[in-house]
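Enquirer: Read in order, the letters of the sequence shown correspond to residues 0 to 333 in numbering that gives the first Met the number 0.
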Amino acid sequence: MNPPIALNAPMPALLPAPPALDAGAGRPAASGRYRGTIADLSTAAWDGDLGLLSRRRLQRKGWMYFSAVTARYSVGYAIVDAGLVATAFVYVYDREQRRLIEEKATLPLGFAANFAPDWRQPWQLAQRGKRWQITPNADGWQVRFDSPQMSVAMDVARGGEGLSAISSAPGRPFHHTWKLCALPVALRLGIDDKTIDVAASGALDFTLGYPPRSSLWNWASLDGLTADGRKLGVNVVAHFMNGLENALWLGDELIPLAQASFDYDPAQLMAPWRIRTEDGMVDVRFTPDGQRAEHLNALWLRSRFVQPFGRFEGRVGQARVSGYGVVEEHAALW
0 MNPPIALNAP MPALLPAPPA LDAGAGRPAA SGRYRGTIAD LSTAAWDGDL
50 GLLSRRRLQR KGWMYFSAVT ARYSVGYAIV DAGLVATAFV YVYDREQRRL
100 IEEKATLPLG FAANFAPDWR QPWQLAQRGK RWQITPNADG WQVRFDSPQM
150 SVAMDVARGG EGLSAISSAP GRPFHHTWKL CALPVALRLG IDDKTIDVAA
200 SGALDFTLGY PPRSSLWNWA SLDGLTADGR KLGVNVVAHF MNGLENALWL
250 GDELIPLAQA SFDYDPAQLM APWRIRTEDG MVDVRFTPDG QRAEHLNALW
300 LRSRFVQPFG RFEGRVGQAR VSGYGVVEEH AALW
């Protein structure tokens, strides 16, 4: 029998004040981590006049990221409103064939000035026959991509309340993220004139805020099982958000985690990584199968982004765990 996972303190309740980013008089809500969602995601109090030199265009960032993993496939998908530039990507990695298929797009002013990022509203981006579309519904999200090369469809079921984190940002109002992990995903892939339907597991990262002009982070999103078959998800970050988004999903439990460390060789990102939390809850070895990398130098934005995807094994609490996921190294001037 696998030993039980030792739980630490329960997550805090919802924000003590009405759950809105605007705490009044243009003040952001208090930094912290909370169970559940922020009801009012309006950023009007900080965005300014919406012109090209407004805070909305020069500072505010928002994105929706979804992942789906199986023993054979790793899928990553994102639509990003980076202010002056919109970007999107999708990739499918086939471990059996050791094959990566990727599509991406970059559009100056790709989202209207009055676009209000929200996980409850549709997102879409299109460029040269490639189309990304996210549609929320009562059960979760329909996530779609189509191009002449491939199609990807993920029906992502919302599971639980998720974790919201709000952090201060030097010289800027705040930064906010909402994470859900270990989500059921019905995955359909259209590749090489073949259609593949498979049950997967995945994660959602919704982010909206004003990150520091110079930002650096390591991030991991892991999805797997304990040795005795319990479902788990892990989301951890280092060098960003003061670790407030670090959490473990174990069945119906949402468990806060301490600060995380990432031990790896920046010159050899395809070598194994070791990921640990200071409370001793997480200690895993991540072995990349491949990676997605993109380096942007567009208008106001510069970004160096590398996201290895692969397998992990190790320990969470006292339990042996294994599964699949992604790690990330991202440096941005935005």
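Cβ coordinates follow ideal geometry from the N, Cα and C atoms, glycine included. In this text the structure is predicted, and so the values were computed from the model without any measurement.
Lys-60 and Gly-25 - do their beta-carbons sit closer together than 8 Å?
Expert: Cβ distance not < 8 Å, so Gly-25 and Lys-60 don't count as in contact.
Enquirer: For Met-0, count the other beta carbons within 10 Å of its own beta carbon; 16 or more makes it buried, fewer makes it exposed. Which is it?
Expert: Any reading at Met-0 must be qualified, since the residue scores a pLDDT of 37, below 50, and its modelled position is unreliable; the value itself is stated next. It counts as exposed.
Enquirer: Of all the CB atoms in chain C, is at least one closer than 8 Å to the CB of Ile-195?
Expert: No chain C is present in this structure, which holds just one protein chain.
Enquirer: Between Glu-328 and Asn-234, which are expected to be in contact by the criterion C-beta below 8 Å, what is the C-beta distance as a whole number of angstroms?
Expert: Incorrect: roughly 16 Å between the Cβ atoms, too far for contact.
Enquirer: Which whole-angstrom value is the C-beta distance of Thr-134 and Pro-121, which I expect to be below 8 Å?
Expert: Sure, about 5 Å apart at Cβ, within 8 Å.
Enquirer: Below 8 Å on the Cβ atoms is my guess for Val-151 versus Val-74; work out the distance and round it to an integer in Å.
Expert: Yes, Val-151 and Val-74 are in contact; Cβ-Cβ is about 6 Å, under 8 Å.
Enquirer: Here's the rule I'm using: 16 or more other beta-carbon atoms within 10 Å means buried, otherwise exposed. How should His-294 be labelled?
Expert: Counting Cβ neighbours within 10 Å, His-294 comes out exposed, since fewer than 16 surround it.
Enquirer: Please classify Ala-331 as buried or exposed, where buried requires at least 16 other C-beta atoms within 10 Å of its C-beta.
Expert: Result: buried.
Enquirer: Taking the straight line between their C-alpha atoms, what separation do you get for Pro-138 and Ala-266?
Expert: In the sequence as presented, Pro is not what sits at residue 138; that position holds Asp. Straight-line Cα distance between these residues: approximately 42 Å.
Enquirer: I'd like to check one pair, Leu-207 with Pro-116: are the Cβ atoms closer than 8 Å?
Expert: Closer than 8 Å, so yes.
Enquirer: Would you identify the three-state DSSP class for Leu-335, choosing helix, strand or coil?
Expert: Summary: the structure shown does not reach residue 335, with the chain confined to residues 0 through 333, and so no result is reported for it.
Enquirer: Please return the same chain residues whose Cβ sits closer than 7 Å to the Cβ of Lys-129, not counting the five positions on each side in sequence.
Expert: Taken in chain order, the residues that qualify are Glu-102, Ala-104 and Ser-146.
Enquirer: In the DSSP assignment, find the unbroken alpha helix (DSSP H) run with Leu-57 in it and report its ends.
Expert: 54-57 is the span of the alpha helix (DSSP H), which, as asked, contains Leu-57.
Enquirer: Tell me which residues share the same chain as Arg-71 and place their Cβ nearer than 7 Å to its Cβ, disregarding the 5 neighbours each side in the sequence.
Expert: Excluding sequence neighbours, Arg-71 sits near Asp-93, Arg-94 and Glu-95.
Enquirer: Could you check what DSSP says for Met-334 in three-state terms: helix, strand or coil?
Expert: No answer is possible for residue 334: the residues shown for the chain start at 0 and end at 333.
Enquirer: Pick helix, strand or coil for Gly-228, following the three-state DSSP scheme.
Expert: Here Gly-228 sits in coil by DSSP.
Enquirer: Should Thr-194 go down as buried or exposed, given a rule of 16 or more other Cβ atoms within 10 Å for buried?
Expert: With fewer than 16 other Cβ atoms within 10 Å, it is exposed.
Enquirer: Residues bridged to Ile-100 by DSSP?
Expert: Answer by DSSP bridge pairing, in chain order: Val-91.
Enquirer: Arg-251 to Asn-241, Cα distance in whole Å?
Expert: Here residue 251 turns out to be Asp, not Arg, going by the sequence shown. Taking the straight line joining both Cα atoms gives about 25 Å.
Enquirer: Checking 8 Å against the spacing of the C-beta atoms, do Arg-171 and Tyr-209 come in under that value?
Expert: The answer is yes: Cβ separation under 8 Å.
Enquirer: Taking C-beta to C-beta, are Met-153 and Ile-190 nearer than 8 Å?
Expert: No, Cβ-Cβ distance for Met-153 and Ile-190 is not below 8 Å.
Enquirer: Alpha carbon to alpha carbon, how far is Gln-258 from Leu-231?
Expert: Taking the straight line from one Cα to the other gives about 19 Å.
Enquirer: My assumption, with CB atoms under 8 Å, is that Gly-309 sits in contact with Asp-288. Please give the rounded CB distance.
Expert: The pair is a contact, with the Cβ atoms about 4 Å apart (cut-off 8 Å).
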